[in-house]
Amino acid sequence: MNDDHGRYQPLSYFQLMEVSLRELLVEKGILSEEQVHATVQDMRSRGAERGAAVVARAWMDPGFKARLLADGTKACQELGLDVPALRLIAVENTPAIHNMIVCTLCSCYPRMLLGLPPEWYKSRPYRSRAVREPRAVLAEFGLALPDHVQVRVHDSTADMRYVVLPMRPAGTDGWSEERLAGIVTRDCMIGVAVPRAAGAAPRP
Amino acid sequence: MIERGHHDMGGMPAGKVEPVEHDYEEWERRVDALMILLSGIRGGNKRMTVDELRKNIEALPPEAYEKMSYYERWVTSITQTMIQRGVITTEELGRKMQEVQARERDGAA
Amino acid sequence: MNETVQPSFKPGDRVIVRKAWPLGHIRTPHYIRGQVGSIERLCGSFPMPEELAQQRSGLPAQPLYRVRFLQRDVWPDYRGGADDALEVEIFQHWLDPA
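Residue numbers (our numbering), protein chains in the order written: chain A, 19 to 222; chain B, 208 to 316; chain C, 484 to 581.
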């Protein structure tokens, strides 16, 4: 196979395994190359913008926000978002509470809403330390929270998946829903950042 | 350690979180897609559960777990699961891997 | 046949996570076993992950709860807000009344 510069690179053991497994499954009629390709494209199309749309709607519409907090999956579907097999719980940031999401045991993440998770979310340092010293981890992301704000860490250990509903920042009065969605980053929905009205957030 | 799985790392000491962004390679995306389809999502033929995926990752020796990348662990686990489920045999896998490797070499020649 | 176990707990109930370390695939993290918390909500009932991992049905489905713990209870050296919390999804078969 060729790398990004068109140079030949031999397949690694694991890449060889992927090709072999896939070809065997196709030969046995369990799946098709077309299905694999379509699924790859589908996952590629899922990203933070989908979650941002949900957050922006919640900021604009208190009824939707209430429905989102009651049943996250239904609320996504209400916006026409296809989220197969997702059981979503939205947790709300308030002036008194800041939420943060982790999966200590593996890397559970609301993939069908937000797409594939960032590498750091799946890393040993994040998975180990987020539950034990969340404030130190948040500080590493540049987020310092006052002592009076309660930090709540959610460990995704079972069938539910989580998204943080951040607070709407000051300085956004009169903004359109689209403009609001533009300041909601993936990191805000994991809980390691907060949306800012002025300029772009320092991280994706 | 048997009592505490190597994957069960909540609360263990660790270094700084490096905010690495990973540009997924195509083969990694294909592994991800295999898992979605084999779980019976998106019209796939359900042949395994995410619980088996996790169990087989957790069964990796600690050194392998650390050395392997995320999707290297996934492809190993999915393949292991397919063998456990009897969907493929070890022999079939070995033959296919030889075939693919030979094809690659010939293609590069 | 009833393929679901009836929920034993309701929001607000104090519960203790079982102190057991069996072999196999477990979704109750090591760090939370033996800890006392309170039920935040019932998420629904789902097949047991320990059993699904072994290619079994995991039925009867077990109630799954979100349980809230105080960080200062879980980590003796916790240095953060006194009300900082940890919320973990735990299956009923891992919980006893506290």
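We put the beta carbon where it would ideally sit given N, CA and C, even for glycine.
Looking at chain A, is there any beta carbon in it that lies within less than 8 Å of the beta carbon of residue i?
i: GLU572 (chain C); result: yes
i: ASN263 (chain B); result: no
i: GLY218 (chain B); result: yes
i: ARG516 (chain C); result: no
i: ASP650 (chain C); result: Examination of residue 650 (chain C) is not possible in this model, given that chain C is present from 484 through 581 alone.
i: PRO226 (chain B); result: yes
i: THR256 (chain B); result: no
i: LYS253 (chain B); result: no
i: SER491 (chain C); result: no
i: LYS274 (chain B); result: no
i: THR286 (chain B); result: yes
i: GLY311 (chain B); result: Position check: residue 311 (chain B) holds Glu in this sequence, whereas Gly was assumed. Chain A, which has a Cβ nearer than 8 Å to the Cβ of GLU311 (chain B), makes this yes.
What does residue i reach in chain A if we use C-beta pairs closer than 8 Å?
i: PHE529 (chain C); result: ALA176, ASP177
i: ALA318 (chain B); result: The displayed coordinates of chain B run from 208 to 316. Any statement about residue 318 (chain B) would go beyond what the structure contains.
Comparing the C-beta of residue i with each C-beta of chain C, is any distance below 8 Å?
i: GLN168 (chain A); result: yes
i: ARG150 (chain A); result: yes
i: THR57 (chain A); result: no
i: VAL171 (chain A); result: yes
i: LEU239 (chain B); result: Looking at the sequence itself, residue 239 (chain B) is Asp, so the reference to Leu does not match. It does not: the Cβ of ASP239 (chain B) has no partner Cβ on chain C nearer than 8 Å.
i: ARG142 (chain A); result: no
i: ARG153 (chain A); result: yes
i: GLU232 (chain B); result: no
i: GLU279 (chain B); result: no
So, for residue i: in the same chain, excluding its five sequence neighbours on each side, which residues have a beta-carbon less than 6 Å away from its beta-carbon?
i: LEU99 (chain A); result: ARG68
i: MET207 (chain A); result: GLY69, VAL181, VAL182
i: GLN518 (chain C); result: VAL500, PHE552, VAL557
i: VAL488 (chain C); result: PRO543, GLN545
i: GLY212 (chain B); result: GLU265
i: ARG516 (chain C); result: VAL500, LYS502
My understanding is that residue i touches residue j, with C-beta atoms under 8 Å, so please give their C-beta distance in whole angstroms.
i: ARG549 (chain C); j: GLU533 (chain C); result: Between GLU533 (chain C) and ARG549 (chain C) the Cβ distance is about 19 Å, and since that is not below 8 Å, they are no contact.
i: MET178 (chain A); j: ARG105 (chain A); result: 5 Å
i: PRO546 (chain C); j: GLN575 (chain C); result: 4 Å
i: LEU163 (chain A); j: VAL169 (chain A); result: 6 Å
i: VAL257 (chain B); j: SER246 (chain B); result: 6 Å
i: MET78 (chain A); j: GLU196 (chain A); result: Not a contact, Cβ separation roughly 11 Å.
i: LEU42 (chain A); j: LEU300 (chain B); result: 7 Å
For chain B, is any of its Cβ atoms less than 8 Å away from the one on residue i?
i: VAL44 (chain A); result: no
i: ALA475 (chain C); result: Chain C is shown from 484 up to 581; residue 475 (chain C) falls before or after that span and cannot be answered.
i: ALA219 (chain A); result: Confidence at ALA219 (chain A) is low in this model, with a pLDDT of 48, below 50, so its placement is unreliable and no value can be given for it.
i: GLN545 (chain C); result: no
i: MET484 (chain C); result: The pLDDT assigned to MET484 (chain C) is 49, lower than 50, so where the model puts this residue is not dependable; a value taken from the coordinates is nonetheless given after this. Answer no: the Cβ-Cβ gap between MET484 (chain C) and chain B never drops below 8 Å.
i: PRO512 (chain C); result: yes
i: HIS481 (chain C); result: The requested residue 481 (chain C) is not part of the displayed model; chain C covers only 484 to 581.
i: PRO559 (chain C); result: no
i: PRO532 (chain C); result: yes
i: MET207 (chain A); result: no
i: GLN33 (chain A); result: yes
Anything in chain C within Cβ reach of residue i, meaning under 7 Å, just list it in chain order.
i: ASP165 (chain A); result: GLY564
i: THR122 (chain A); result: PRO512
By a C-beta neighbour count over all protein chains shown, 10 Å radius and 16 as the cutoff for buried, is residue i buried or exposed?
i: TYR26 (chain A); result: exposed
i: HIS513 (chain C); result: buried
i: HIS55 (chain A); result: exposed
i: GLN59 (chain A); result: exposed
i: SER174 (chain A); result: buried
i: THR296 (chain B); result: exposed
i: ASP313 (chain B); result: exposed
i: TYR127 (chain A); result: buried
i: LEU506 (chain C); result: exposed
i: LEU50 (chain A); result: The sequence given here places Ser at residue 50 (chain A); Leu does not occur at that position. Per the 10 Å Cβ criterion, exposed.
i: VAL166 (chain A); result: Looking at the sequence provided, one finds His at residue 166 (chain A) rather than Val. With fewer than 16 other Cβ atoms within 10 Å, it is exposed.
i: MET146 (chain A); result: This sequence places Ser at residue 146 (chain A); Met is not what is there. That one is buried.
i: ALA309 (chain B); result: exposed
i: SER528 (chain C); result: buried
Quick one: residues in its chain with C-beta nearer than 7 Å to the C-beta of residue i, no 5 flanking neighbours on either side, listed in chain order?
i: GLU235 (chain B); result: TYR278
i: LEU525 (chain C); result: PRO490, PRO546, TYR548
i: LEU97 (chain A); result: ALA71, VAL72, ARG75
i: PRO220 (chain A); result: Residue placement at PRO220 (chain A) is poorly supported in this model, since its pLDDT is 49, which falls under 50; the coordinates still yield a value, given next. Excluding sequence neighbours, PRO220 (chain A) sits near GLY160.
i: PRO102 (chain A); result: MET130
i: ALA628 (chain C); result: There is no way to answer for residue 628 (chain C), as the model of chain C reaches only from 484 to 581.
i: TYR139 (chain A); result: SER125, TYR127, ILE208
i: ALA93 (chain A); result: VAL72, PHE82, ARG85, LEU86
Name, please, each residue of chain B whose Cβ falls closer than 7 Å to the Cβ of residue i.
i: PRO580 (chain C); result: Per Cβ cutoff of 7 Å: no residues; PRO580 (chain C) is ~24 Å from chain B at best.
i: TRP504 (chain C); result: GLU210
List, in chain order, every chain C residue whose beta-carbon is nearer than 8 Å to that of residue i.
i: ARG145 (chain A); result: The contacting residues do not exist; ARG145 (chain A) stays about 10 Å from chain C at best.
Please list the partners that residue i has in chain A, where partner means a Cβ-to-Cβ separation under 9 Å.
i: LEU244 (chain B); result: LEU43, ILE48, LEU49, GLN53, VAL54, THR57
i: GLN291 (chain B); result: Neighbours of GLN291 (chain B) on chain A: none; closest Cβ ~13 Å, over 9 Å.
Beta-carbon within less than 8 Å of residue i's beta-carbon, same chain only, minus the 5 sequence neighbours each way: which residues are those?
i: VAL149 (chain A); result: VAL120, THR122, VAL171, ASP173
Using the beta-carbon of each residue, which ones in chain C are nearer than 9 Å to residue i?
i: GLU259 (chain B); result: HIS508, LEU535, ALA536, GLN537, GLN538
Name the chain A residues whose beta carbon is nearer than 7 Å to that of residue i?
i: ALA271 (chain B); result: Near ALA271 (chain B) there are no residues of chain A at all, since even the closest Cβ is about 12 Å away, more than 7 Å.
i: GLU299 (chain B); result: LEU42
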